[in-house]
Each structure stands twice: as structure tokens, then as C-alpha cells.
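Below is one structure, written out as C-alpha cells; the observations come after it.
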Amino acid sequence: MPLIETVVTTTGSDGVVNCAAMGVRWGEEELAFWPFDATRTLRNLRLHGEAVVHLTDDVLLFVQAALGHPRPAMRPATAIAGAVIEEVNAWREVVVTQIDADPDHPNRSRVRARVVAAGTGTRPPLGLCRARHAAVEASILASRLKWLGAEHVQAELARLQELVDKTAGPLERAAMDYVRRHVAERT
Numbered sequence: 001m002p003l004i005e006t007v008v009t010t011t012g013s014d015g016v017v018n019c020a021a022m023g024v025r026w027g028e029e030e031l032a033f034w035p036f037d038a039t040r041t042l043r044n045l046r047l048h049g050e051a052v053v054h055l056t057d058d059v060l061l062f063v064q065a066a067l068g069h070p071r072p073a074m075r076p077a078t079a080i081a082g083a084v085i086e087e088v089n090a091w092r093e094v095v096v097t098q099i100d101a102d103p104d105h106p107n108r109s110r111v112r113a114r115v116v117a118a119g120t121g122t123r124p125p126l127g128l129c130r131a132r133h134a135a136v137e138a139s140i141l142a143s144r145l146k147w148l149g150a151e152h153v154q155a156e157l158a159r160l161q162e163l164v165d166k167t168a169g170p171l172e173r174a175a176m177d178y179v180r181r182h183v184a185e186r187t
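Numbered per my numbering, the sequence shown finishes at 187, counting up by one with no gaps.
What follows is the structure, given as C-alpha cells:
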């Protein structure tokens with residue numbers, strides 16, 4: 001199964017929907033992912049045992065889910081008590097079948113989930129764009145700033161900025177600006 005970058009929505013005990021960027025092993029009937037143990041996502045998965053996993057090429061949504069708290073338009077899921085982001089390419093509603101410690105990834109748990117419903121979003125995919133991929137990679141680096149160190153992250157951001165400068169449209173530029181602001185506020 002390929003590892004696909006997604007946006008996962010889960011619901012907390014207070015009913016608030018959490019959006020998190022997450023790499024997911026994408027299968028037709030089963031998904032697997034590895035949230036960090038101290039995250040709201042894992043708490044919500046343990047509490048309710050369900051989530052909606054979204055495919056999107058909206059890089060700003062992905063970056064905001066990785067580094068902040070986006071509030072995209074959502075609607076109720078069809079088969080679980082969750083929320084589907086409306087402007088995505090596709091989504092899958094899943095029910096957790098297993099959560100356990102992952103010996104290969106300290107401070108992370110391995111989650112396996114069964115697909116119970118799926119659909120296509122309102123946003124048709126735009127195709128590949130190097131700037132989009134650069135902004136996604138930049139957001140992943142920024143989310144690991146305290147482990148990787150400011151010098152390493154800033155050097156990588158400079159390298160990735162070149163791709164954004166060459167190939168980005170307004171959405172990709174906004175996403176990279178969001179990442180840069182996030183890093184600047186923390187260094």
C-alpha cells in the first residue's frame with residue numbers, strides 16, 4: 001500500500017472536529033496510519049474509534065492541518081459520527097479495528113482501520129505541481145521543528161522555496177508563506 005498524505009478528521013469528547021495532516025497507507029478496504037501518541041487525533045480515535053480520511057490537492061488546507069487549526073466547510077459523514085470536508089478530491093470513512101504501540105516508531109501508535117464508506121468531493125484534482133509537493137514537505141519539516149532544529153529546517157525551507165518560486169500559483173505561495181510564518185514564530 002502506498003503512503004499517501006491526507007487530512008484526517010476526528011471528533012473529540014466535546015464534539016469539536018479536529019483536522020490533522022497525516023501520512024496513511026492507502027488500501028481499498030483497509031487503511032493504516034501512525035499518529036503521535038500525544039495528539040488529539042489519537043485521543044479521538046481511542047475515544048470514538050472512527051475517522052474520515054481525505055485526499056486533497058488543496059495544499060493550503062494540508063499545511064493548515066499540519067501546523068494549525070483549519071476550519072474548512074464540513075458536512076456530516078454518512079456511515080459514522082464524523083465530519084467530511086466538502087472541498088476535497090475524495091474521502092473515506094473508517095472504523096478503527098486495531099490500535100497498538102509501534103515498535104518501529106517510538107512515541108507513535110499504529111492504527112488500522114476498515115473502510116465503511118467512501119465518496120468523491122466537490123473539488124476535481126488539479127494534477128501534479130512541484131510547488132505543492134514542496135509546500136507539503138515544508139509543512140512536515142516545520143511540524144518537526146523541535147526535533148530537527150531550526151538551522152536544518154530553515155536550510156530545507158530555502159531549498160524548497162526555490163521550487164515554489166519557479167512553479168507556484170497563489171495557493172501554493174500562500175501555503176509556503178503559512179509554513180514560513182509558523183517557523184519564524186517558533187525560532
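We put the beta carbon where it would ideally sit given N, CA and C, even for glycine.
Output needed for residue i: all residues of its chain with C-beta closer than 7 angstroms, excluding positions within five of it in sequence on either side, in chain order.
| i | result |
| --- | --- |
| residue 163 | 130, 131 and 134 |
| residue 101 | 109 |
| residue 44 | 10, 11, 12 and 18 |
| residue 84 | 52, 74, 75, 77 and 91 |
| residue 97 | 112, 113 and 114 |
| residue 70 | 19, 61 and 64 |
Using only CA atoms, which one of the options lies nearest to residue i?
| i | options | result |
| --- | --- | --- |
| residue 113 | 144, 42, 156 and 15 | 42 |
| residue 212 | 123, 187 and 117 | Outside the displayed range of the chain (1 to 187) lies residue 212, so it cannot be described from this structure. |
| residue 20 | 34, 107, 30 and 28 | 34 |
| residue 187 | 71, 46, 30 and 153 | 153 |
| residue 104 | 4, 50 and 36 | 36 |
| residue 5 | 47, 57, 16 and 28 | 57 |
| residue 68 | 50, 140 and 14 | 140 |
| residue 119 | 168, 150, 107 and 55 | 55 |
| residue 150 | 167, 82, 23 and 183 | 183 |
| residue 62 | 82, 23 and 148 | 23 |
| residue 188 | 106, 185 and 82 | This structure cannot speak to residue 188, because the chain is shown only from 1 to 187. |
| residue 38 | 2, 106 and 14 | 106 |
| residue 136 | 30, 146, 177 and 27 | 177 |
| residue 8 | 181, 128 and 72 | 72 |
| residue 155 | 180, 30, 16 and 170 | 180 |
| residue 1 | 30, 146 and 161 | 30 |
| residue 211 | 146, 15 and 16 | Since the displayed the chain opens at 1 and closes at 187, residue 211 lies outside it and no answer follows. |
Counting only the same chain and skipping the five closest in sequence on each side, list residues whose C-beta sits under 6 angstroms from that of residue i.
| i | result |
| --- | --- |
| residue 32 | 25 and 112 |
| residue 174 | 60 |
| residue 66 | 21, 139 and 143 |
| residue 99 | 109 and 111 |
Going by DSSP, what residue range makes up the beta strand (DSSP E) through residue i?
| i | result |
| --- | --- |
| residue 96 | 90 to 101 |
| residue 23 | 17 to 26 |
| residue 11 | 3 to 11 |
| residue 123 | Looking at the DSSP string, residue 123 is not in any beta strand (DSSP E), and its letter there is neither H nor E. |
Round the Cβ separation of residue i and residue j to the nearest angstrom and send it over; I've been treating them as touching at under 8 angstroms.
| i | j | result |
| --- | --- | --- |
| residue 157 | residue 138 | 6 angstroms |
| residue 123 | residue 88 | 6 angstroms |
| residue 121 | residue 86 | 7 angstroms |
Starting from residue i and walking both ways along the alpha helix (DSSP H), at which residues does that stretch end?
| i | result |
| --- | --- |
| residue 43 | 40 to 48 |
| residue 66 | 59 to 67 |
Among the residues of its own chain, which have a CB less than 8 angstroms from the CB of residue i, if the five just before and after it don't count?
| i | result |
| --- | --- |
| residue 79 | 93, 116 and 117 |
| residue 49 | 95 and 96 |
| residue 166 | 130 and 131 |
| residue 28 | 115 |
| residue 3 | 23, 24, 25 and 26 |
| residue 169 | 129 and 131 |
Cβ of residue i within 7 angstroms of any heavy atom in the ligand SAH?
| i | result |
| --- | --- |
| residue 65 | Absent from the structure shown: the ligand SAH. Ligands present: none. |
Unbroken stretches of the alpha helix (DSSP H), 4 residues or longer, contained in the region 141 to 172 = 145 to 148 and 150 to 167
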